[in-house]
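So the structure is just underneath, and the comments pick up after that.
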Amino acid sequence: MSVEAAEGAETMARRDSLYRDAEKVCGDRRHGSGASWRQTVLLAFQSIGVVYGDLGTSPLYTYSGTFPNGIRHPDDLLGVLSLILYTLLLLPLLKYVFIVLYANDNGDGGTFALYSLISRYAKTRMIPNQQDEDASVSNYSIQEPSSQTRRAQWVKRRLESSKAAKIALFTITILGTSMVMGDGTLTPAISVLSAVSGIREKAPDLTQSQVVWISVAILFLLFSVQRFGTDKVGYSFAPIISVWFVLIASIGVYNLAAHDATVLRALNPMYIVDYFRRNGKEAWLSLGGVVLCTTGTEAMFADLGHFNIRAIQLSFSFIIFPSVALCYMGQASYLHKFPQDVADTFYKSIPAPMFWPTFTVAILAAIIASQAMLSGAFAILSKALSLGCFPRVEVVHTSKKYAGQVYIPEVNFLIGAASIIVTLAFQTTTNIGNAYGICVVMVFSITTHLMTVVMLLVWKKNIAFIAAFYVIFGATELLYLSSILSKFAEGGYLPFCFSMALMALMATWHYVHVSRYWYELDNVVPAADLTALLGRPDVRRVPGVGLLYSELVQGIPPVFPRLVDKMPSVHAVFVFMSIKNLPIPRVPAPERFIFRRVGPAEHSMFRCVARYGYTDQIEAAKDFSASLLDGLKLFIYAEAAFSCGQHTDDDDGSALRAAKAAAEEEKRFIDAELERGVVYLTGEADVVAAPGSSVMKRIVVNYVYTFLRRNLSESHKALAIPKDQLLKVGITYEI
526 MSVEAAEGAE TMARRDSLYR DAEKVCGDRR HGSGASWRQT VLLAFQSIGV VYGDLGTSPL
586 YTYSGTFPNG IRHPDDLLGV LSLILYTLLL LPLLKYVFIV LYANDNGDGG TFALYSLISR
646 YAKTRMIPNQ QDEDASVSNY SIQEPSSQTR RAQWVKRRLE SSKAAKIALF TITILGTSMV
706 MGDGTLTPAI SVLSAVSGIR EKAPDLTQSQ VVWISVAILF LLFSVQRFGT DKVGYSFAPI
766 ISVWFVLIAS IGVYNLAAHD ATVLRALNPM YIVDYFRRNG KEAWLSLGGV VLCTTGTEAM
826 FADLGHFNIR AIQLSFSFII FPSVALCYMG QASYLHKFPQ DVADTFYKSI PAPMFWPTFT
886 VAILAAIIAS QAMLSGAFAI LSKALSLGCF PRVEVVHTSK KYAGQVYIPE VNFLIGAASI
946 IVTLAFQTTT NIGNAYGICV VMVFSITTHL MTVVMLLVWK KNIAFIAAFY VIFGATELLY
1006 LSSILSKFAE GGYLPFCFSM ALMALMATWH YVHVSRYWYE LDNVVPAADL TALLGRPDVR
1066 RVPGVGLLYS ELVQGIPPVF PRLVDKMPSV HAVFVFMSIK NLPIPRVPAP ERFIFRRVGP
1126 AEHSMFRCVA RYGYTDQIEA AKDFSASLLD GLKLFIYAEA AFSCGQHTDD DDGSALRAAK
1186 AAAEEEKRFI DAELERGVVY LTGEADVVAA PGSSVMKRIV VNYVYTFLRR NLSESHKALA
1246 IPKDQLLKVG ITYEI
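In structure tokens form, the structure reads like this:
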């Protein structure tokens, strides 16, 4: 075989992974480990403005949420302060900063990233579109369990063989998504309302109702500017949040010096024991307010993709934690002298000359905190789209620099409306706090359970370490959750009902999505039928390139014969196109497409799978089709070289030259057809329950799913398909 043939064969192996000869690039790259200290310090500063707004504004409402009926005993303050300090040490610092951050998925964090990491090591996804070639993507970074790690192998087998385990993993993942959406609804309401409430210190004639309407106006403005994105709304305000942390730390130091520094005794955890002995059930109930000091903790993990581990560790350990701790100590010092002011501790404890600067910065900090939480909610929902558990809506990428910053118009409208309704209905931060705490602790608990699976399956840690992690954090979160659930009737029902409704919608969409995929897989068009179809006398080949979109990554979808029956023509170059989301954040552009020829060369028909990570953006139609057809031409050349490479008796290279000539001719043919235009074809499937289905299934499929599909799904926008080049083919699936 000649050198040219050998090089061609090598190219084929690299370009077309469907031949199962792809090169694997799997490296263990710890996120952020290559950044210089100067870059890390800069990222740490930037993270203050994006990640910690919610955590930094929690002193506005934590004490009022903990003591809704006032302070009964002076030492109760020491017990609660001790609880706050050790809660901050245990959950945000120990759990998240020093353990959870390391479970990132190629730099991306959050509940969905944990699920994606698990689904790479064990086939837990319910849609059977996994391919061996997926593991060849550079960012896949998977290492199979070795023979020594029998426990990891056992966990892998159990997850892959148990449908119940797959459903359980999926359920807690969408529950986490639902709770984050609840966070996105409640964070603006409680942050803005608590910040605006401070104005009554200087304008006591204002009623609570008027404060609420001022908050509603700010919320309306906040949701109106979401389309500009975190890059413009959030990053420019990092200095403001930095000023906020300096202010609350300074006010805390002032209160300690001016009132009662003996509250520092709360560093002794025995005050927690005394607090529970003295108050019993009331102390347990107060935990629902104490946990509000951790609001926004999940953002450290969810927003990791924009920063790195060291940056988050530096900013929290040396800026955020000391500032917030000093603020809580200062408030306790003030309350030790003025316990009657517990309902509005933050603003009452501000020195008079500092009130208006602090009030102004508090409003801005609340807005930024809300905006960052909303950005996280949009990002996690956009990731959920790749699971097939939410209608394909338009996702607007608001930053060219940061792939994870997105805006979803429909979702923004729904969350904004819900947040305003919550503010008007609940009126006070105490009632909203009862609802807010459930979202916070549920996300903590879900992260703990998914982290345990990651430790067993991916990290393969010592069983004693895993057990300690699960017991310590699981028990702590269960204790807090039990306290918050006791206030179910006082506002706690809100996130529960919201999450159940959102989970039901997501589960419905996913169920029908999976059933539809299986229907198409069971009804693929056999190769012989395809040949017969193209050979019909009434079917003609028309100029141009046709791209038929389908979920299937293998086989010819059943919508194709329907297309030919209704319009007996097939484009001169025809590509069966599938957009596939891999359980990784990003797929490198050179590894985007994999191709296979469908039928003989004279048919000019191909199968293409375009692979995207859950933070990747689908290119504009013109760029996408150009990249696809460039990849197709490379495939044709590589295929010719690869085929020729199989003939070892071609000493004079004539077979290679003939193959290259044929490939060049086919490439010219594709270029010519591309000039004549590209037409995008999609199947507009009307999915209905099969005859004999149960009443529940008919309601879910025929009504709920159909309503979602008709009112939310905009697949042509999600796939960046121009409407003037789109042709939809109607078909009915009975599942």
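Using my numbering, the first residue of the sequence shown is number 526, and each one after it goes up by one.
Every residue, glycine too, gets a C-beta built ideally from N, C-alpha and C.
Quantities reported herein were computed from a predicted structural model and do not represent experimental measurements.
Exposed or buried, residue i, counting other C-beta atoms within 10 Å across all chains shown (16 or more means buried)?
i            : result
residue 943  : buried
residue 831  : buried
residue 793  : exposed
residue 938  : exposed
residue 915  : buried
residue 1164 : buried
residue 769  : buried
residue 632  : buried
residue 1221 : exposed
residue 745  : exposed
residue 1236 : exposed
residue 892  : buried
residue 833  : buried
residue 843  : exposed
Report the option in the options whose CA atom is closest to the CA atom of residue i.
i            : options               : result
residue 709  : 636, 964, 743         : 964
residue 1250 : 628, 835, 839, 1069   : 1069
residue 1223 : 1042, 873, 1037       : 1037
residue 780  : 804, 857, 1021        : 857
residue 820  : 590, 1211, 568, 1063  : 590
residue 984  : 588, 890, 622, 681    : 681
residue 750  : 1056, 1054, 1103, 895 : 895
residue 910  : 1229, 641, 1059, 775  : 641
residue 888  : 797, 1071, 719        : 719
residue 797  : 811, 1075, 635        : 811
residue 1247 : 907, 568, 847, 919    : 919
residue 865  : 1217, 569, 1162, 597  : 597
residue 606  : 800, 1073, 893, 773   : 800
residue 1118 : 713, 1013, 659, 1032  : 659
residue 1078 : 1019, 724, 907, 655   : 655
Is DSSP giving residue i helix, strand or coil here?
i            : result
residue 962  : helix
residue 1209 : strand
residue 1185 : helix
residue 915  : coil
residue 648  : coil
residue 1259 : strand
residue 764  : helix
residue 1192 : helix
residue 576  : coil
residue 1018 : helix
residue 1097 : strand
residue 1068 : strand
residue 600  : helix
residue 863  : coil
residue 595  : coil
residue 551  : With a pLDDT of only 30 at residue 551, under 50, the local geometry of the prediction cannot be trusted, and the value read off the model is given with reservation. Residue 551 falls in the coil class under three-state DSSP.
residue 903  : helix
For a cutoff of 8 Å on Cβ pairs, would you count residue i as touching chain B?
i           : result
residue 692 : You won't find chain B in this structure, because it holds only one protein chain.
Can you pull the DSSP bridge partners for residue i?
i            : result
residue 1106 : 1137
residue 633  : 630
residue 1121 : 1132
residue 1061 : DSSP output for residue 1061 lists no bridge partner at all.
residue 1252 : 1206
residue 1081 : 1050
residue 1073 : 1101, 1206
residue 932  : 921
Original post:
How about the segment 844-851 and the segment 1032-1048: do they share at least three Cβ pairs that are nearer than 8 Å?
Top reply: No: fewer than three Cβ pairs fall under 8 Å.
Original post:
If you pair each beta-carbon of the segment 1117-1126 with each one of the segment 642-652, do three or more pairs fall below 8 Å?
Top reply: Taking a cut-off of 8 Å for Cβ pairs, the segment 1117-1126 and the segment 642-652 do not touch, as fewer than three such pairs fall below it.
Original post:
Is there contact here, the segment 691-701 with the segment 1140-1155, by at least three beta-carbon pairs under 8 Å?
Top reply: The segment 691-701 is not in contact with the segment 1140-1155.
Subject >> Three CB pairs or more closer than 8 Å across the segment 1023-1034 and the segment 971-982 >> reply: They do not touch, by the three-pair rule.
**OP:** Please confirm if the segment 876-886 is in contact with the segment 617-637, defined as three or more CB-CB distances below 8 Å between the two stretches.
**Re:** Here the segment 876-886 makes no contact with the segment 617-637; the two share fewer than three CB pairs at distances below 8 Å.
**OP:** Report yes or no: do the segment 898-907 and the segment 774-790 share at least 3 C-beta pairs separated by less than 8 Å?
**Re:** Remark: fewer than three beta-carbon pairs, one from each stretch, lie closer than 8 Å, so the segment 898-907 and the segment 774-790 are not flagged as touching.
Original post:
Counting pairs of beta carbons, one from the segment 733-746 and one from the segment 948-965, are three or more of them closer than 8 Å?
Top reply: A contact exists between the segment 733-746 and the segment 948-965.
Original post:
Are the segment 1229-1237 and the segment 1092-1107 touching, with three or more C-beta to C-beta distances below 8 Å?
Top reply: Contact between the segment 1229-1237 and the segment 1092-1107 is absent, because fewer than three Cβ pairs lie under 8 Å.
**OP:** Evaluate contact between the segment 976-996 and the segment 607-618, counting only Cβ atoms and requiring at least three cross-stretch pairs below 8 Å.
**Re:** By the Cβ criterion, the segment 976-996 is not in contact with the segment 607-618, since fewer than three pairs of Cβ atoms, one from each stretch, lie closer than 8 Å.
**OP:** Give a yes or no on contact between the segment 1082-1093 and the segment 1199-1213, applying the rule of three or more CB pairs nearer than 8 Å.
**Re:** Touching, yes.
**OP:** Report yes or no: do three or more beta-carbon pairs, one from the segment 1100-1114 and one from the segment 1130-1141, lie closer than 8 Å?
**Re:** They touch, by the three-pair rule.
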